[in-house]
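Number of protein chains: 2
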Amino acid sequence: MRIVVVGGDAAGMSAAHSALRQARAAGREVEVEVVEATGHTSYSACGIPYWIADDVEEGADLVARTAEEHRAAGIRLRLHTRATAIDPAGRTVTVEGADPEGATDTIRYDELVLATGARPVVPDWARGPDGALLDGVHPVKTLDDGALWRDLLARAETAAAAEGRPPRAVIVGGGYIGVEMAETLVRRRFSTTLVTRSRVMGRLDEDLGARVAEALALGGVDLRTDTAVDRLVSADGEVRGRVRGVVTTDGRHVPADVVVLALGVEPATDLGRAAGLPLGTEGGYLPDGAGRLAPGVWAAGDCCEQAHRITGHRTFLPLGTHANKQGRAVGAALLGGDLRFPGAVGTAITRFVAGGEHVEVARTGLGTEEAVEAGYDVASLVTEGTTASGYMPEAAPLAIKVLADRADRRLLGVQIVGGPGAGKRIDAAAAALWGSMSVDDLAWMDLSYAPPFATAWEVLQVAARRLAERL
Amino acid sequence: MRIVVVGGDAAGMSAAHSALRQARAAGREVEVEVVEATGHTSYSACGIPYWIADDVEEGADLVARTAEEHRAAGIRLRLHTRATAIDPAGRTVTVEGADPEGATDTIRYDELVLATGARPVVPDWARGPDGALLDGVHPVKTLDDGALWRDLLARAETAAAAEGRPPRAVIVGGGYIGVEMAETLVRRRFSTTLVTRSRVMGRLDEDLGARVAEALALGGVDLRTDTAVDRLVSADGEVRGRVRGVVTTDGRHVPADVVVLALGVEPATDLGRAAGLPLGTEGGYLPDGAGRLAPGVWAAGDCCEQAHRITGHRTFLPLGTHANKQGRAVGAALLGGDLRFPGAVGTAITRFVAGGEHVEVARTGLGTEEAVEAGYDVASLVTEGTTASGYMPEAAPLAIKVLADRADRRLLGVQIVGGPGAGKRIDAAAAALWGSMSVDDLAWMDLSYAPPFATAWEVLQVAARRLAERL
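Sequences listed follow chains A and L, in order. This note's numbering numbers the first residue of the first sequence as 588 and each following residue consecutively. This note's numbering numbers the first residue of the second sequence as 588 and each following residue consecutively.
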C-alpha cells in the first residue's frame, strides 16, 4: 500500500507518521512518501516573528523534525518538489522537481493526503508590473520568508543608520501576524506603522479589540485603522526597486524601508480545485468526519475548513495545533484507525510585548458578530480584574468578555485582554465550551486559587457570574 | 427576619451580603448581624505568607472589605465577640464580648449561619506546661498571626545579626502553608529547615511531590522528610522562654530562632458539636445541598465538609475560594433563593519561588491513592514538556501527571509541577473534570496555542493523549 502526502509541514508530516504507526500497529506493510515544495519540513510558522525578533537563535530551531529525522523514521521525502496536478480517478500525483530543474514525475498512490496548507494573501498593489513583489515588501509565512525578513530588517537598519534616522516599517493588516510583527519591529526599534482596513484584532469584539489597539499605541505603534493601502512608492518613484513608502487611500504618504504583508491567509487548494473536488465558502477543502474528500483522497490542516463545534458549520481556522491534530487523525483513519479530529471551538492566543507594554490576547468560541449571525440570542458583559490577588506584586489588570445564549444560558464565547498570565486563562473557558457547559458552570466550577495566581473569585468566574445574574 | 452569622471572614461575610442582596431582590426586610471573634473581617489568609515576605506592604492590604465597609452596606457587625453556644431549638446564640470585658449576650435569630472556619492544628509539643505556645512558635492562620510573624522574624533577624550568623527557622509540615512559608523564609534569608512526618506536598502523588521537594532543596531548604518533632528546646533548656531549637524523633537537634506550625487545619465546629449537630469523619459540618444543617441553621466555608463531585463523598477542602462561593450560595438559599454550591473537584495551586528556583504546583481531581480508595481502576502517566515552544526564551520545563479510569476512560485527576506559567494550566483540566469529560476530550479539545504560551501540542494534551493511547 502506497500513501502519498502533499505538503511536509505540521499536518502532512503528522499524517505520515501517524499512518506509519497505525500500519505498524495493524501489522501492515505501507510505503509513505511526502512531497514538499520547499526545503523544510515540520517547522513552526508561528515562531517566525520571534526568530526575526532574535528571541530564537536560528531558523533551524523552529524545525521540530528535520528531513533526516523523518527519513530515519521510514518516510520517503521529496523536498523542493511541487505537486502540480492530482488525478483522483487514476490515483496519481504529478510532481515537478527542482533537480534536474523542472523534471516532472507521476507518482501512483493508493491513498493521497492533501496537506498543502494556506498561503498569504498578497494584494495587487504589492506587486510590480512584472507580477513580482517589490523589494522590501513580503509576507511572513514560510521559513524562507523568515530568513528573508531577517536580511531585509538588517539592510533597513544599516541604511537608516547611515542616514542617521530610525529604520521604518509599515505593517499592513491588524490580525495575529500583524500584531506579532508589530512586537518584533518595535523591539528591533523600527518606527512602526500599522495600517488596517478595519480595526486591530478583528477576531475580538470591538470593545476588547480597542484594548489591544491601546496597548499597541502605548507601545509606540502608529495605528492607522479604517485605512487601506492605495499604492506603494519605490525608489525614484518607480514601481520597481526598493520600497520607499505606502500611500494610503486617504492620500497620506507613510515612509517605509520595509512593508510587512499581514493580510491573512487563504487555503492553498489549487490541486483539488483543478481536480473538481468540492470546496467550501472560504475556499477550503471539506473533509468528512474521518478526513476524507473523495475515494482515496484525504485532507488535513490549513487547506481545510473545519467543523466548528458550537455552530456546527465549517470554518477556516488555520492554526498549527489543529493541523497537527488533523494530520494525526487522518493518518490513522486512512488505514482504518478510529482517530477522528473532533472539530474546534475557535481558540486562539497571542501577545504584544514591546515598548514597555505587555498585553496578552486570547479568545475562544464565538464573537458577538459570529454568534448573532449563527442565530443566538447573545448576552455579553465585560468584567475587569487582576491576574493575581490585588495586593500581590504580580497582579496585572485584565478584562474578560463572556458571551452566552439567553435562551439556554449556554456559554458561547470568551475573550481576554490583559497583562502577564491573562492569556492562558482562556483554556478553562475553551474546555467549558468543549463540554457545551453553561455560563453557570463556568461561574461555579472549581478553578485554582492562590494569591500569586488569581483573585479568590477568579476573574473568569466573576465575569461568568455577573453575566449569569443578568440572564 | 433576623439572620445571625457566626464568623466574619470569607464565608460569613459572603453569606451576609448575599442574604442582603437576596432580600432586597425579593423586597423583604431583613436584619443581618455578624459576630466575629477577631478584630478583622474578610481578609485573605492565603496572602499572609506574602505579607510576611514583604510582597505586601501592610496587613490592611489583605483586607478585601473593612468593618466600616460592611457596616455601610447595612450589616450589623460585632467584632472581638466570640460565640460560645448555640441553641437551635430556642434559636439563640450566646456571645461573649470583649468590651465590657467578657460580657455575655444572647442573640435571637430566625436563621443562623455557622461560618467559623478552620483552626490550625497545634501539637502538644508546641505548648509549655501552662498550655501556652512557646515564644517563637506559632501557626500562620489569622491576620494577627501574620503581624506576630513579622515581629518574630524581625526579632530573630536582629538577634542573629548580633551573633553574626543567619537567622534560623524550622517549619513543621510540608503542605501548602509549609511550602509557602519556606518561600517566605528563604526570601528573608533565613537558614530554613522543613520537617515533615511524611513527605513534601502529600496532596500530590509521590513522583510529582518529589519534584517539589527537589526544588525546595535546590532553593536552599534543608528537608527532613519522614521525620517528626519529638520536643522543642527553649532558652536555658527550659520549656519556657524563647524557642532555641527542635529535637526530632531520630534524636537530632535542629537549632531554630522560630518554629512555624504548618501542620494543617481542622474544622472549627465546637458550637455545633456541643449543640448535637452531626459532624463528618473529618470533624466538619455536613450541610445539605442548600447549605442547611438543621431547621434554621446553615453552614458555609472551612468549617464544612464539601461534596466532592468525582467521588460523591464528603471531603474537607478548606480554601477561601470555596468559602466565598458557599457563603454566597447559603446567603441566598436561606431566603429561598436558588443558588447552590455545586461541590468541588479538589483543585489547588501554590508555588515556591526563592533561592533561584521557581516552581509552580497544581492539582485537581483525585490523586492515585484517593482514586484507588474510591474504587477506580486507575491508569496514570507522567509527561514532561515545556510551558512555551521549546525555542522560546520563555520555555520552562513542566511535568504533568494525568489519571484516568480504565473502565470508562474518564479523567480522574491531573497534577502539574513546573516553571513559570505551569500552574494555571490546571484550570483546563479542572474544567474538564467539572464536565465529567474523558481523557480523550482533554487530549483533543481546542486549547490555546502560540509559541510564547504553549507547544503546538499543549503538554497537558500530550499527557492526556499518551495516557489515552495506553488505555
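Backbone N, C-alpha and C define an ideal beta-carbon position, used for all residues, glycine too. Bear in mind the structure is a predicted one, so any value in this text is a computation, not a measurement.
Between L904/A and P726/A, the gap from beta carbon to beta carbon reaches 8 Å or more. Looking from the CA of S629/A, the closest CA among L701/A, R652/A, D792/A belongs to R652/A. In terms of Cβ geometry, V834/A and R811/A do not form a close pair [threshold 8 Å]. When secondary structure is reduced to three states using DSSP, P716/L falls in the coil class, being assigned neither helix nor strand.
For the 8 Å CB-CB criterion, V787/L and G761/L form a contact.
Taking 8 Å as the cut-off, the Cβ atoms of E853/L and A632/L do not count as close. At least one CB atom of chain L sits nearer than 8 Å to the CB of A1018/A. Minimum Cα-Cα distance from A982/L among the listed residues T970/L, G684/L, L990/L, G1008/L corresponds to G1008/L. For K988/A, the nearest beta carbon of chain L is not closer than 8 Å to its own beta carbon. With the criterion set as a beta carbon lying under 7 Å from some beta carbon of chain A, the members of the segment 629-658 of chain L are S631, C633, G634, Y637, D642, V643, D648, L649, in sequence order. Distance from A991/A to V969/A at the Cβ level is roughly 13 Å; contact not present, criterion being Cβ atoms closer than 8 Å. Listed by position along chain A, the residues whose Cβ is nearer than 9 Å to that of M788/L form an empty set, because the closest Cβ is around 13 Å away. With 16 or more other CB atoms across the displayed protein chains lying within 10 angstroms of its CB, H604/L is buried.
Approximately 15 Å separates the beta-carbon atoms of V841/L and A743/L; this is outside 8 Å, ruling out the contact. A contact is defined here as three or more CB-CB pairs under 8 Å, and the segment 673-693 of chain A fails this definition with respect to the segment 642-649 of chain A. Residue state for P754/A is assigned as coil, using DSSP reduced to three classes. The shortest CA-to-CA distance from W1031/A to any of G614/A, V884/A, V1004/A, L1047/A is the one to L1047/A. Counting only runs of at least 3 residues, the segment 625-703 of chain A fully encloses the following beta strand (DSSP E) elements, listed from N- to C-terminal order: 663-665, 668-674, 679-684, 691-695, 698-701. About 14 Å separates the beta carbon of A1043/L from that of T937/A, a gap too long to meet the 8 Å contact definition. Around D1028/A, the beta-carbon contacts reaching into chain L at under 9 Å are P929, A1018, W1021, G1022. Across the set V884/A, G832/A, R831/A, L998/A, the C-alpha of V884/A shows the shortest separation from the C-alpha of L699/A. When C-beta atoms of the segment 614-628 of chain L are compared with those of the segment 924-943 of chain L, fewer than three pairs fall below 8 Å, so the two segments do not count as touching. The continuous stretches of beta strand (DSSP E) do not include T974/A, and DSSP gives it neither H nor E. Pairing R798/A with A941/A, the inter-Cα distance amounts to about 15 Å. A straight line joining the alpha-carbon of W1021/A with that of G733/A spans about 35 Å.
Of all residues in the segment 713-744 of chain L, none has a C-beta nearer than 7 Å to a C-beta of chain A.
Not one beta carbon of chain L lies nearer than 8 Å to the beta carbon of D995/A. For R790/L, the secondary structure class from DSSP, reduced to helix, strand or coil, is coil. Secondary structure note for W1031/L: its alpha helix (DSSP H) is the uninterrupted segment 1026-1031. Taking a cut-off of 8 Å for Cβ pairs, the segment 775-783 of chain A and the segment 740-758 of chain A touch, as three or more such pairs fall below it. Taking a contact as a CB-CB distance under 8 Å, the pair V1004/L and I1013/L does not count as one, their CB atoms being some 11 Å apart. The C-beta distance from G954/A to R829/A rounds to 39 Å, too long to fall under 8 Å, and the pair is not in contact. Check the Cα spacing between A886/A and each of A610/A, V591/A, L701/A, V621/A: the tightest is with L701/A.
Here DSSP, grouped into helix, strand and coil, assigns E981/L to coil.
Listed along chain L is no residue with a C-beta nearer than 8 Å to that of F777/A; the closest approach is about 20 Å. Annotation: Cβ neighbours of R1012/L in chain A (cutoff 8 Å, chain order): K1011, D1014.
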